[in-house]
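To start, the structure itself, in structure tokens.
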Amino acid sequence: MPGASKRSCEACRKRKKKCDEKQPVCSRCERLGIQCLGSGEKRYTFRYALPSNTNSGSFKRDAWSQNGQAVRVSRPPCNEVSRIGSRLVSVLSVTDPGYSILSFGSFFGEVPRRMEHSLALTAASKVLTSSTSTYYTGAPSLQAYMDYGKALQVLRGDVASASTVSHYINIICAIGLLCLSHNLIGGQRAEYEVHVRGLLYLLVRMPNVELKTDFEKQGITIAWSLVIGECIMDPTIKIDQRLVDRQKRRFGPVAADPAGFTTEFYSLRWENLIPLPAQLHDPVLYHGAIAATYKDMYYESPRLITIAKQLYGAANMTGAQEVSLQYILCDTGNVELLSMSLVLNTTLQMLDPSRKTLAKEALKLISEIMETSARLDRFKPLGTARLPNALCLAWVVAPTAKLKETMREILEEHIPDFRGVTWEDLAGRYERRFRTIRALVRERQLPLRVIG
Numbered sequence: 005m006p007g008a009s010k011r012s013c014e015a016c017r018k019r020k021k022k023c024d025e026k027q028p029v030c031s032r033c034e035r036l037g038i039q040c041l042g043s044g045e046k047r048y049t050f051r052y053a054l055p056s057n058t059n060s061g062s063f064k065r066d067a068w069s070q071n072g073q074a075v076r077v078s079r080p081p082c083n084e085v086s087r088i089g090s091r092l093v094s095v096l097s098v099t100d101p102g103y104s105i106l107s108f109g110s111f112f113g114e115v116p117r118r119m120e121h122s123l124a125l126t127a128a129s130k131v132l133t134s135s136t137s138t139y140y141t142g143a144p145s146l147q148a149y150m151d152y153g154k155a156l157q158v159l160r161g162d163v164a165s166a167s168t169v170s171h172y173i174n175i176i177c178a179i180g181l182l183c184l185s186h187n188l189i190g191g192q193r194a195e196y197e198v199h200v201r202g203l204l205y206l207l208v209r210m211p212n213v214e215l216k217t218d219f220e221k222q223g224i225t226i227a228w229s230l231v232i233g234e235c236i237m238d239p240t241i242k243i244d245q246r247l248v249d250r251q252k253r254r255f256g257p258v259a260a261d262p263a264g265f266t267t268e269f270y271s272l273r274w275e276n277l278i279p280l281p282a283q284l285h286d287p288v289l290y291h292g293a294i295a296a297t298y299k300d301m302y303y304e305s306p307r308l309i310t311i312a313k314q315l316y317g318a319a320n321m322t323g324a325q326e327v328s329l330q331y332i333l334c335d336t337g338n339v340e341l342l343s344m345s346l347v348l349n350t351t352l353q354m355l356d357p358s359r360k361t362l363a364k365e366a367l368k369l370i371s372e373i374m375e376t377s378a379r380l381d382r383f384k385p386l387g388t389a390r391l392p393n394a395l396c397l398a399w400v401v402a403p404t405a406k407l408k409e410t411m412r413e414i415l416e417e418h419i420p421d422f423r424g425v426t427w428e429d430l431a432g433r434y435e436r437r438f439r440t441i442r443a444l445v446r447e448r449q450l451p452l453r454v455i456g
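Under my numbering, the sequence shown has 214 at position 210, and the numbering climbs by one with no breaks.
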């Protein structure tokens, strides 16, 4: 080891005096009558030294293995896609169902595998990871907004070059990720509406072929649920009639075992719901179709509610993440079904005020929305993220002042779920929608009454 030997005692070294190194006591220490330590002992001064060969070069085979085979260490992931994928996997690994983005759909788990083949998915995934970080920690959202802006630029270029079904599916799922990210960072409602219009544009342009994988089917189903829900609330968003005409309604036998978990609820299939927004544009003309759809929803709702309650009980008993996520998805579908049933119920009351049973059924639907809200409250905050529309709708159509006050109290408890919009604004949109429908009904029915 490099170094220089010195034999001075500690006292002389400290005072920087010459030591005669006499043992056991040097002359200076003996003269001053102080303690003498280390006189005549050999010491080393250690210095940092560079190796003689600064070039790393190649590994020596004999230094790694006896048989002459070099052991190569694999490089860690270092490209942008791998880093984003790693962060997304960490987000997907959150075990608390109330904070897991898998509560919005199990298809999110397939996104990391498809990122390598889609620039839009990669950019949207980056936004989602930064948005969840902002949401979980309450950190500033500047990075999330920067990633959001870059993702929009990538998305525009990807949309222009889309041609295959797989390409369209990836872009649609990327927009779904942006919608979720928009909710997490509390973006403005107007931006969300732009995303919905973009989804509708892609759904119309996408080749009309049969979807094969579960990822494709779930992605399209969620996209249509967002589009149809927004079309019902906002009459300015219209589904192309050609798309409505080419879709065939899908039905099937009612499940014999209501206790089994299933997503096969025929009134919730997007193929069956596509005509609904157009029917609400002319409720008098489509009175019969609206009544038939409402009947299907109203009689199918109890089966879905039963399954949701059973899954809720199982989730409370076992605490298993998979069961909890199944419950959240099931009761979320239940809320969507109840909301659309309530819209149709209110429309039918305008079309036929003499049907007194509709008012009783509306009270039952509102009661079910309240119970569903109470169950989902156990899985806050993300488990209740899709309650705002249903709660606002229930407040708007509540027939009594007491029930309105009860719904208002529930709404106040869910203020954090209204991100980027107030519940008063959202409720106001439903009120304007019903005023428009009421005006359409009066306009179309008045000539009939005059003639009669």
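Positions of the beta carbon are idealized from the N, C-alpha and C atoms, including for glycine.
- Taking all protein chains shown into account, glutamate 234 has 16 or more neighbouring C-beta atoms within 10 Å of its C-beta and is therefore buried.
- In this structure, serine 129 places its C-beta atom within 8 Å of the C-beta atom of leucine 92.
- Taking C-beta separations shorter than 7 Å and ignoring five residues to either side along the sequence, the partners of glutamine 283 in its chain run Tyr290, Ala293, Ile294, following chain order.
- The alpha-carbon separation between leucine 397 and proline 385 amounts to approximately 20 Å.
- Distances from the alpha-carbon of glutamine 157 to those of Asp286, Ser170, Val131 put Val131 closest.
- Judged by pairs of C-beta atoms under 8 Å, the region 196-211 touches the region 230-246, as three or more such pairs exist.
- Closest option to aspartate 238, judged by alpha-carbon separation, among Val198, Lys221, Arg390: Val198.
- Residue environment for alanine 378: exposed (fewer than 16 other C-beta atoms within 10 angstroms of its C-beta).
- About 6 Å separates the beta carbon of valine 213 from that of valine 169, a gap short enough to meet the 8 Å contact definition.
- Ranked by Cα distance from isoleucine 243, the first of Lys221, Cys23, Pro281 is Pro281.
- Counting along the chain, the unbroken alpha helix (DSSP H) around valine 85 starts and ends at 84-96.
- Rounded to whole angstroms, the Cβ separation of leucine 308 and glycine 337 is 7 Å, and the two are in contact under 8 Å.
- Contact between isoleucine 373 and valine 400 does not hold, since the beta-carbon distance rounds to 12 Å and is not under 8 Å.
- Leucine 341 sits away from proline 392, with the two beta carbons spaced by 8 Å or more.
- Tyrosine 103 sits in a helix when the DSSP states are folded into three classes.
- A contact is defined here as three or more CB-CB pairs under 8 Å, and the region 111-123 fails this definition with respect to the region 343-354.
- Short of 8 Å from the beta carbon of glutamine 245, and not among the five residues preceding or following it, lie these beta carbons of its own chain, in chain order: Ala282.
- Rounded to the nearest angstrom, the Cβ distance from alanine 178 to alanine 124 is 4 Å, consistent with a contact under 8 Å.
- With a beta-carbon spacing of about 13 Å, serine 343 and tyrosine 302 fall beyond the 8 Å limit used to define contacts.
- Rounded to the nearest angstrom, the gap between the Cα atoms of phenylalanine 383 and glutamine 449 is 46 Å.
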